[in-house]
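First to last, the sequence lines map onto chains A and B.
Residues 1 to 310 (my numbering) make up the first sequence, in order.
Residues 1 to 310 (my numbering) make up the second sequence, in order.
One structure is given here, and the rest of the page talks about it.
There are 2 protein chains.
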Amino acid sequence: MLPLVLRHSEIARYEGGKLYTLDRRRYPLEKKYYVMQSVKEVAIAIKNMVTQGGGPMELALHALLLAKDQGVSLSDAYEILSSSRPTNKSMANTLKEVIKKVEEGEDLGSLINSTLAAYDEAYDKMSDYGASLIKDGDGILTTCFAEHSFLLSLKKAMLDGKRVRVYVPETRPYLQGSRLTLPSLSQMGIEAYLITDGMPAFFMARGDINIYMTASDAILPDYSVSNKIGTLEHAIAASYYGIPYYPFSLKSSYNSDIKIEMRDEEEVLKVAGRYVTDSSLHALYPAFDIIPPCLIKGIITKDGVLKPFE
Amino acid sequence: MLPLVLRHSEIARYEGGKLYTLDRRRYPLEKKYYVMQSVKEVAIAIKNMVTQGGGPMELALHALLLAKDQGVSLSDAYEILSSSRPTNKSMANTLKEVIKKVEEGEDLGSLINSTLAAYDEAYDKMSDYGASLIKDGDGILTTCFAEHSFLLSLKKAMLDGKRVRVYVPETRPYLQGSRLTLPSLSQMGIEAYLITDGMPAFFMARGDINIYMTASDAILPDYSVSNKIGTLEHAIAASYYGIPYYPFSLKSSYNSDIKIEMRDEEEVLKVAGRYVTDSSLHALYPAFDIIPPCLIKGIITKDGVLKPFE
Chain A
1 MLPLVLRHSE IARYEGGKLY TLDRRRYPLE KKYYVMQSVK EVAIAIKNMV
51 TQGGGPMELA LHALLLAKDQ GVSLSDAYEI LSSSRPTNKS MANTLKEVIK
101 KVEEGEDLGS LINSTLAAYD EAYDKMSDYG ASLIKDGDGI LTTCFAEHSF
151 LLSLKKAMLD GKRVRVYVPE TRPYLQGSRL TLPSLSQMGI EAYLITDGMP
201 AFFMARGDIN IYMTASDAIL PDYSVSNKIG TLEHAIAASY YGIPYYPFSL
251 KSSYNSDIKI EMRDEEEVLK VAGRYVTDSS LHALYPAFDI IPPCLIKGII
301 TKDGVLKPFE
Chain B
1 MLPLVLRHSE IARYEGGKLY TLDRRRYPLE KKYYVMQSVK EVAIAIKNMV
51 TQGGGPMELA LHALLLAKDQ GVSLSDAYEI LSSSRPTNKS MANTLKEVIK
101 KVEEGEDLGS LINSTLAAYD EAYDKMSDYG ASLIKDGDGI LTTCFAEHSF
151 LLSLKKAMLD GKRVRVYVPE TRPYLQGSRL TLPSLSQMGI EAYLITDGMP
201 AFFMARGDIN IYMTASDAIL PDYSVSNKIG TLEHAIAASY YGIPYYPFSL
251 KSSYNSDIKI EMRDEEEVLK VAGRYVTDSS LHALYPAFDI IPPCLIKGII
301 TKDGVLKPFE
């Protein structure tokens, strides 16, 4: 049921002392595996966005197998891996929990499997709630790559006999919309159209979009959510046209120490690795938006649709 | 004072029986001139976006010189040129007026010069009004390439001692923001930052943007304006944060037959000529937005700032 990029075997495969992951930076133009032979190489891969979304957590868990086989202590592995993407708190927390249980005598391989199974179960529950919010004939806007919960919501809605149509903003600068969401929807047999990041309001004004759904990176104390840059513009446009916005969240608790990462301007001056303008000019690249609760209809969690602000 | 792409000599130069224009599709990565030897070749250049904005009108006027030297009738030239970009009514109207005057005995060369001089005078007046709306320290958002009126407004504001800072959305799919607006601002010594089309709301939320200014393609009977796709999303975000939006318009009369052109999906699937995703997937590309009057603070014309909706 899942598209290629979300299958466990493509995100992290440990084979013959090497760790393999589908290189999402080249996908779908190339289907190449990135090979890692040490915990440090895994940290570099995570830092360099070889995988993203839920990928780093899954890859980091498997890096513990590599550490164990190479005689690297799990606490050293934790330090190296958790510093690879400082804003990814859930990766760090999951690693910490698993390492604690290994130190208490549990088997690492079984723990990795049960951790991933728990995530899969959470995605399954979230997508039940997500599917229930989708109506027959809906035009659905997303942003970036909302992964399992979103894709499974659409698939379940379709299996319930609802026709759906998805509008996918390309999500510059990384183009996760073009490269990950669009091909994944296609692989799942879901009608989908790529648009640029400036187009959602056009389709809202025409009445073509009825619901807006994205992932979220964190929930803040006031129930704002943070998500990929661009999410806020579309949430404001959705609110203007009376279209409900639902972020998915794996957590029902909040994060109080959100810090917006300003990334390298080169990534905006370039598209797909090539400069599109004079390289001496300047750009700004805030990586995340914060969306205030007044723009959010509900947060879809594994325990139901949270509406703390109603 | 004007940046390279807006100088008359770069937009249309008729020399030795050939017409030259700076190829805006390659600029600023390459500074190449596109050469045309017949009216048909000029029409093809206009159709293929070799120049845009006010460029097609200026190029089409010079194509009349080519027609005259080659013994092509001006009415045939009119038909060929005006069908090259059916939505560009002002190009067609300007050609029609000039041809009428030539048939009444006036000199074509002088008419071209006086027509361009009238435009330059209109830009000069519009930019006086534009500059008056800018305050010291303003962060200014634009979209696409708003040409003379916008750039001169900024320059005049600076000459009045006001500090300005411009946020330039790249404006996918053609990247006019990256390729035309950003280098032009830099050439004029104006502080400017490239951002992606999903970022304006982020900077508005931080209080970094105080005013939003764009060109416009047409004014509709209800004083909506049409402009490049993306303009509407940013106008909605501006309205949400209480930031005034001012489109520039050369016309103070309205256009009743606006039709939104849906362009080739390939242009969204590709960036700078290369596919960024699987070429078998689908995209949508509406070329223009319509911005309703409730989102517009005033329309900047050569006769002043029009506020018909207050």
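All residues carry an ideal CB built from backbone N, CA and C; glycine is no exception.
Across the region 267-291 of chain A, CB contacts with chain B closer than 9 Å involve Val268, Leu269, Val271, Ala272, Arg274, Tyr275, Val276, Thr277, Asp278, Ser280, Leu281, His282, Ala283, Leu284, Tyr285, Pro286, Phe288, Asp289, Ile290, in sequence order along the chain. If you draw a straight line from the Cα of B:Ile46 to the Cα of A:Thr231, it is about 36 Å long.
Counting C-beta atoms within 10 angstroms of its own C-beta, B:Arg206 has fewer than 16 neighbours from the protein chains shown and is therefore classed as exposed. For A:Leu61, no Cβ of chain B is located within less than 8 Å of the residue's own Cβ.
Within the region 49-84 of chain B, the runs of alpha helix (DSSP H) at least 4 residues long that lie entirely inside it are, in chain order, 55-69, 74-82.
Rounded to whole angstroms, the Cβ separation of B:Thr115 and B:Met213 is 25 Å, and the two are not in contact under 8 Å. In the DSSP assignment, B:Thr214 falls within the beta strand (DSSP E) that extends over 211-214. For B:Ala192, the uninterrupted beta strand (DSSP E) run begins and ends at 192-195, by DSSP.
Against chain A, the beta carbon of B:Glu10 has no neighbour under 8 Å; the closest one sits roughly 16 Å away. Think of a sphere of 8 Å around the beta carbon of A:Pro183: the chain B residues whose beta carbon falls inside it are Thr277, Asp278, Leu281, in chain order.
In the DSSP annotation of this structure, B:Thr21 is not part of any alpha helix (DSSP H); the continuous beta strand (DSSP E) holding it starts and ends at 18-22. The shortest C-alpha to C-alpha distance from A:Phe202 to any of B:Ser83, B:Ala287, B:Leu281, B:Gly137 is the one to B:Ala287. In the DSSP assignment, the residues bridged to A:Lys228 are A:Phe288.
With fewer than 16 other beta carbons inside 10 angstroms of its own, B:Gly189 counts as exposed. Taking 8 Å as the cut-off, the beta carbon of B:Leu182 is found closer than this to the beta carbon of A:Thr277. Between the beta-carbon of A:Pro244 and that of A:Asn227 there is about 16 Å, and that puts the pair past the 8 Å contact cut. The CB of A:Pro247 never comes closer than 8 Å to any CB in chain B; the least such distance is about 16 Å. Burial state of A:Glu103 is exposed, judged by a 10 Å Cβ sphere holding fewer than 16 other Cβ atoms. By the Cβ test, the region 282-298 of chain B is in contact with the region 215-225 of chain B, since at least three Cβ pairs between them sit closer than 8 Å.
Here DSSP, grouped into helix, strand and coil, assigns A:Met188 to coil. Residue environment for B:Gly273: exposed (fewer than 16 other C-beta atoms within 10 angstroms of its C-beta).
Residues of the same chain with a CB within less than 8 Å of the CB of B:Arg24, apart from the 5 flanking positions on each side, are Val5, Met49, Val50, Thr51, Gln52, Gly55, Arg179, Leu180 in chain order. Here the alpha carbons of A:Ser82 and A:Met91 stand approximately 7 Å from one another. Leaving aside the five residues that flank B:Val35 on each side, the residues in its chain whose CB is nearer than 8 Å to its CB run, in chain order, Lys18, Leu19, Tyr20. Shown in chain order are the members of the region 228-243 of chain A whose Cβ falls below 9 Å from a Cβ of chain B: Lys228, Ile229, Gly230, Thr231, Leu232, Glu233, His234, Ala235, Ile236, Ala237, Ser239, Tyr240, Tyr241. The three-state secondary structure of B:Ala235, taken from DSSP, is helix. Take A:Ser127, set aside five residues on each side of it, and the residues of its chain with a beta-carbon closer than 6 Å to its own are Ser149, Leu152, Ser153, Lys156, in chain order.
Non-local beta-carbon contacts of B:Tyr241 in its own chain, meaning distances under 6 Å to residues more than five positions away in sequence, involve Met204 in chain order.
The C-beta of A:Ser224 comes no closer than 8 Å to any C-beta of chain B. About 11 Å separates the beta carbons of B:Thr94 and B:Leu64, which is beyond the 8 Å limit, so they are not a contact pair. In terms of beta-carbon proximity, A:Gly198 lines the interface with chain B, with at least one pair separated by less than 8 Å.
Not one beta carbon of chain B lies nearer than 8 Å to the beta carbon of A:Pro56. Secondary structure of B:Glu15 (DSSP, three-state): strand.
Sequence-distant partners of B:Met1 (beyond 5 residues in either direction) whose C-beta falls short of 8 Å from its own C-beta, in its chain, are Leu152, Lys155, Met188. Only buried fits A:Leu175, as 16 or more other CB atoms lie within 10 angstroms of its CB.
Judged by beta-carbon spacing, A:Ala283 lies beyond the 8 Å limit of B:Tyr167, meaning their Cβ atoms are not closer than that value.
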